[in-house]
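S.K.: Numbering (this note's numbering), first residue to last: 168 to 305.
Cβ atoms here follow ideal geometry from the backbone N, Cα and C, with glycine treated the same way.
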Amino acid sequence: MIFLPDTNVLSAYLAGRSPALVERMQREFAAGSLRFSVMVMAELEFGAEKARTCLGVTRFVRRVEALRRQVELEPLGRDFPRIYARVRAEVEAGGQKIGDRDTIIAAHALCLNATLVTRNIREFARVSGLSMENWQTD
Numbered sequence: 168m169i170f171l172p173d174t175n176v177l178s179a180y181l182a183g184r185s186p187a188l189v190e191r192m193q194r195e196f197a198a199g200s201l202r203f204s205v206m207v208m209a210e211l212e213f214g215a216e217k218a219r220t221c222l223g224v225t226r227f228v229r230r231v232e233a234l235r236r237q238v239e240l241e242p243l244g245r246d247f248p249r250i251y252a253r254v255r256a257e258v259e260a261g262g263q264k265i266g267d268r269d270t271i272i273a274a275h276a277l278c279l280n281a282t283l284v285t286r287n288i289r290e291f292a293r294v295s296g297l298s299m300e301n302w303q304t305d
């Protein structure tokens, strides 16, 4: 099984906020089952940049930098534009909306045939066919 962690999951992992999440992420890292979205990494980099600008260099900034060196980012791929368009059109046709970045992340997970790991189950549930799990139980 392939897992694509959302920004909130990777942020919590990097901050060490959830022992259960940290354990699961480490297990899946070792198994090679994690994939990383360019959009999620861009959001993490933005958070690190804000921390750098506002707070100086922090532990979070160092952890984002370490993660960037450690992981391969998945390309969006040839099917991404079509899948993104379908996801966005379906969600909007249903009278709902999810954020633009979340639409990109959902479409990327679908392109990779990956399970999205997120705390935002309710928001992403608007995307048909998207497999999701929440690893933050504490």
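Determine the contact status of V231 and V294, defining contact as a CB-CB distance below 7 Å.
M.R.: Cβ distance not < 7 Å, so V231 and V294 don't count as in contact.
S.K.: I'd like the list of long-range same chain contacts for R219, defined as Cβ closer than 6 Å, with 5 residues on each side in sequence excluded.
M.R.: V228.
S.K.: Using a Cβ distance threshold of 8 Å, determine whether the region 170 to 189 contacts the region 242 to 262, with at least three qualifying pairs required.
M.R.: No, because fewer than three Cβ pairs between the region 170 to 189 and the region 242 to 262 fall closer than 8 Å, the two stretches do not touch.
S.K.: Which residue from P248, L181 and A209 puts its Cα closest to that of R226?
M.R.: Among P248, L181 and A209, the Cα nearest to that of R226 belongs to L181.
S.K.: Can you name, in chain order, every residue of its own chain whose Cβ lies under 8 Å from the Cβ of E257, other than the five neighbours on each side?
M.R.: For E257, where only same-chain residues beyond five positions count, the Cβ hits under 8 Å are V294 and S295.
S.K.: When you compare the CB positions of I169 and A292, do they come within less than 7 Å of one another, or not?
M.R.: Taking 7 Å as the Cβ cut-off, I169 and A292 do not qualify as a contacting pair.
S.K.: In chain order, what are the residue ranges of uninterrupted alpha helix (DSSP H) at least 4 long that sit wholly in the region 174 to 247?
M.R.: Listed in chain order, the complete alpha helix (DSSP H) runs (minimum 4 residues) inside the region 174 to 247 are 174 to 182, 186 to 198, 205 to 222 and 226 to 237.
S.K.: Determine the DSSP secondary structure at G258, reduced to helix, strand or coil.
M.R.: First, the residue type needs correcting, since residue 258 is Val and not Gly in the sequence shown. DSSP places V258 in helix when its eight states are reduced to three.
S.K.: When you compare only the Cα positions, how much space is there between L279 and L297?
M.R.: Taking the straight line from one Cα to the other gives about 11 Å.
S.K.: Are the CB atoms of L211 and A276 within a distance shorter than 7 Å?
M.R.: The answer is no: Cβ separation not under 7 Å.
S.K.: So if DSSP puts T282 in a beta bridge, which residue, or which two residues, is it bridged to?
M.R.: Answer is F170.
S.K.: Between K217 and N175, what straight-line distance do the alpha-carbon atoms span, to the nearest angstrom?
M.R.: Approximately 16 Å, taken between the alpha carbons.
S.K.: Tell me whether I272 is buried or exposed, calling it buried when 16 or more other Cβ atoms sit within 10 Å of its Cβ.
M.R.: The residue in question, I272, is buried, as its Cβ has 16 or more Cβ neighbours within 10 Å.
S.K.: Which residues does DSSP pair with E290 in a beta bridge?
M.R.: Partner(s): none; E290 has no beta bridge.
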